[in-house]
Ligand code: ZN
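Numbering (the working numbering), first residue to last: -14 to 190.
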């Protein structure tokens, strides 16, 4: 196994639509090696998810990691359907845009269908942070980065967010260009944003 170099924003592979794998290709040694290397790379960078285009392979394959990096889930050719109109907002980061964070709205609950690392069909529902990570990774397969979806006023360096209080609702309102008046008039408005998302915006995906 080896640790792979992560493509950074500006590399054209991050803007390509990745190619699906055939079910019978999943057992190929080249695909299995890519999976092993992506698992090791994810552990090395302590990320929650990694999409193959981020490691210079334009195929529809993503790896998700548990918080302790002990468990991994491989999704090949993942297809998403939205289970709710409810949105969750959180600061997202990306291994391909190191140190940057931006507020992104995602669908709160999604249904996922894919092949696993053994080429078996899997289907499950995801919500909260898992739903955010899966949508972020599937975006990578379509050549979409989180900055395409975030409010650009919220784009920040992680170090500055940590300094200036990213979890304070009035800070978020200011970053989004809302007046403080509307933020204080509706003090509960921040409740849903951070509740299901990551506790802190540290992790890159
Ligand atoms: Zn990413």
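The beta-carbon is built from N, C-alpha and C at its ideal position, and this holds for glycine as well. On a predicted model such as this, the values are computed, not experimentally measured, just so you know.
Segment limits, alpha helix (DSSP H) that includes residue i
i, result
"residue 191", "Nothing about residue 191 can be read from this structure; the chain reaches only from -14 to 190."
"residue 192", "The structure shown has nothing for residue 192, since the chain only spans -14 to 190."
"residue 147", "143 to 149"
Check: residue i C-beta below 7 Å from any heavy atom of ligand 1
i, result
"residue 1", "no"
"residue 39", "yes"
"residue 117", "no"
"residue 81", "yes"
"residue 125", "yes"
"residue 190", "yes"
"residue 149", "no"
"residue 121", "yes"
Contacting residues, own chain, Cβ-Cβ under 8 Å from residue i (five flanking each side not counted)
i, result
"residue 31", "54, 188"
"residue 57", "24, 27, 48, 49, 50, 51"
"residue 203", "Not covered by the structure: residue 203. The range shown for the chain is -14 to 190."
"residue 83", "-7, 189"
"residue 165", "Summary for residue 165: the model assigns pLDDT 49, below 50, so the residue's position carries little reliability, and this model does not support an answer."
"residue 69", "92, 93, 94"
Close Cβ partners of residue i (< 6 Å) along its chain, the five nearest in sequence each way excluded
i, result
"residue 128", "0, 1, 2"
"residue 60", "47, 99"
"residue 143", "84, 86"
"residue 20", "59, 102"
Contacting residues, own chain, Cβ-Cβ under 7 Å from residue i (five flanking each side not counted)
i, result
"residue 62", "5, 6, 45, 99, 100"
"residue 72", "90, 91, 92, 93"
"residue -2", "-8, 38, 41, 43"
"residue 162", "138"
Test: residue i CB closer than 8 Å to a CB of chain C
i, result
"residue 90", "Any reference to chain C falls outside this structure, which holds one protein chain only."
Only counting runs of 4 or more residues, tell me where the alpha helix (DSSP H) segments fall wholly within the segment 8 to 95, in order along the chain.
-> Counting only runs of at least 4 residues, the segment 8 to 95 fully encloses the following alpha helix (DSSP H) elements, listed from N- to C-terminal order: 14 to 30.
Say whether the segment 72 to 79 touches the segment 107 to 124, bearing in mind that this needs 3 or more beta-carbon pairs closer than 8 Å, one atom from each stretch.
-> Yes, the segment 72 to 79 is in contact with the segment 107 to 124.
At least 3 beta-carbon pairs within less than 8 Å: the segment 87 to 105 vs the segment 135 to 153 = Segment contact: the segment 87 to 105 against the segment 135 to 153, three or more CB-CB distances shorter than 8 Å; contact assigned.
Inspect the CB distances between the segment 50 to 70 and the segment 25 to 42 and report whether three or more fall short of 8 Å.
-> Yes, the segment 50 to 70 touches the segment 25 to 42.
Flag this pair as touching only if the segment 10 to 18 and the segment 98 to 106 have three or more C-beta atom pairs under 8 Å; answer yes or no.
-> Counting Cβ pairs under 8 Å, three or more are found: they touch.
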